[in-house]
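Report on the following structure.
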């Protein structure tokens, strides 16, 4: 069975065909977010029409998603997307069944079905980038919470002293532990270092490394809280910055010191599927809805 896979981000729409656990026909198309959600979904429909022989559609998307209906509860990076229902719109336009899932949830499903978390019943996934996204797998099922938005781990308060009640997100985990936070922290001292690659290329500089180590401590604070709350078998770490072996080494050491002894069996493992995880997870969910998984 061929499944159309779509990953909608604020910058690019990634598409592919999933068949027998393999992706083919990978393509990236600009989202053109300023043109609005309606135009973006017309682009998605056109891309799926260009995939001959597909029988269903799996969509991974930025934003909070009602899993039963496919409605976008909230999205901040595509104008007009909040309140829309891409599942209904695309099913009507394409005549194919569709599944819509939040992007980090879809990535966690991809890692569960095909990647780093294959065979695990209880794990968390966090992705570090502009913000911090999260997902929880409990007893072999994606945990969505009462309204479908569980896993917003970036909203954890790790710095209560910095909370401003009139400014949403202040004091939060992602303000201090995202890749954006790393770049902001380092560039305040070293203005020439404006992205993660440049920062890690200067890791031998003790002053740069001290700032990176401070940022890794921020990551560990959130992970310790989550591991104590969920008692997962493993935490899967995604996002381009997590390819740095130095981060993994440092985190493992810090967690051993901060976790209660009975929780130290939790493993930190890097995500395996990279930017294809959401595509593969969305395709898996679409196949499962069709009774093929």
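Numbering (our numbering), first residue to last: -15 to 277. The C-beta atom is built at its ideal place from N, Cα and C for all residues, glycine as well.
**Item:** Between the CA atoms of residue 210 and residue 158 - distance to the nearest angstrom
**Value:** Looking at the two C-alpha atoms, the distance is approximately 14 angstroms.
**Proximity of residue -14 and residue 37 at Cβ, strictly below 8 angstroms** = The beta carbons of residue -14 and residue 37 sit closer together than 8 angstroms.
**Prompt:** Measuring CB to CB, does residue 195 end up less than 8 angstroms from residue 160?
**Reply:** Taking 8 angstroms as the Cβ cut-off, residue 195 and residue 160 do not qualify as a contacting pair.
**Asked** What is the rounded straight-line gap between the Cα of residue 192 and the Cα of residue 222?
**Response** Straight through space, the alpha carbons of residue 222 and residue 192 are spaced by roughly 23 angstroms.
**Request:** Could you tell me which residues DSSP puts in a beta bridge with residue 11?
**Result:** Paired residue(s): -1.
**Prompt:** What did DSSP end up calling residue 281 once you bin it into helix, strand or coil?
**Reply:** Lying before the first or after the last residue shown, residue 281 is absent from the chain, which here runs from -15 to 277.
**Asked** What number of angstroms, rounded off, separates the C-alpha of residue 24 from the C-alpha of residue 35?
**Response** If you take the alpha carbons of residue 24 and residue 35, they lie about 18 angstroms apart.
**Asked** In whole angstroms, what is the alpha-carbon distance linking residue 246 and residue 212?
**Response** Between the C-alpha atoms of residue 246 and residue 212 there is a straight-line separation of about 10 angstroms.
**Request:** Could you give the DSSP three-state label for residue 109: helix, strand or coil?
**Result:** In this structure, residue 109 counts as strand in the three-state DSSP scheme.
**Prompt:** If we count the other Cβ atoms within 10 Å of its Cβ and call it buried at 16 or more, is residue 4 buried or exposed?
**Reply:** The residue is exposed, with fewer than 16 neighbouring Cβ atoms inside 10 Å.
**Asked** Relative to the C-alpha of residue -8, which residue among 6, 2, 188, 42 is closest?
**Response** For the residues 6, 2, 188, 42, the minimum Cα distance to residue -8 belongs to 42.
**Item:** Sequence-distant residues of its chain with Cβ nearer than 8 angstroms to residue 190 (five each side left out)
**Value:** For residue 190, where only same-chain residues beyond five positions count, there are no Cβ hits under 8 angstroms.
**Message:** Spatial neighbours of residue 95 within its chain, please: C-beta separation below 7 angstroms, excluding the five flanking residues on both sides.
**Reply:** Setting aside the 5 residues that flank it on each side, residue 95 is surrounded in the same chain by 101, 109, 220, 255, 256, 257, 261, each with a C-beta closer than 7 angstroms to its C-beta; the list follows chain order.
**Request:** Could you pull out every residue in the same chain whose Cβ sits closer than 6 angstroms to the Cβ of residue 224, ignoring the five residues on either side in sequence?
**Result:** Beyond the five residues adjoining it in sequence on each side, residue 224 comes within less than 6 angstroms, by CB distance, of no other residue in the same chain.
**Message:** Less than 8 angstroms between the beta carbons of residue 56 and residue 15, yes or no?
**Reply:** Contact: no.
**Prompt:** Based on the DSSP output, what are the partners of residue 44 in its beta bridges?
**Reply:** Paired residues: -9, 85.
**Asked** Which residue comes first and which comes last in the alpha helix (DSSP H) that contains residue 214?
**Response** Here the alpha helix (DSSP H) through residue 214 covers 190 to 214.
**Beta-carbon separation (whole angstroms), residue -12 vs residue 32, contact threshold 8 angstroms** = Confirmed, Cβ separation roughly 5 angstroms.
**Prompt:** Is DSSP giving residue 133 helix, strand or coil here?
**Reply:** Three-state result, residue 133: coil.
**Request:** Since I believe residue 93 is in contact with residue 273 (beta carbons under 8 angstroms), could you give me their beta-carbon distance rounded to a whole number of angstroms?
**Result:** Beta-carbon to beta-carbon, residue 273 and residue 93 are separated by about 12 angstroms, too far to satisfy the 8 angstroms threshold.
**Item:** Bounding residues of the alpha helix (DSSP H) (the contiguous stretch that carries residue 233)
**Value:** Note, residue 233: alpha helix (DSSP H), 229 to 242.
**Message:** Distance check for residue 0 and residue 11, CA to CA, integer angstroms please.
**Reply:** Straight-line measurement puts the Cα of residue 0 at about 6 angstroms from the Cα of residue 11.
**Residue interval of the alpha helix (DSSP H) (run including residue 160)** = It spans 157 to 161 - the alpha helix (DSSP H) in which residue 160 sits, taken as one unbroken run.
**Asked** Is residue 31 helix, strand or coil by DSSP?
**Response** If DSSP states are grouped into helix, strand and coil, residue 31 belongs with the helices.
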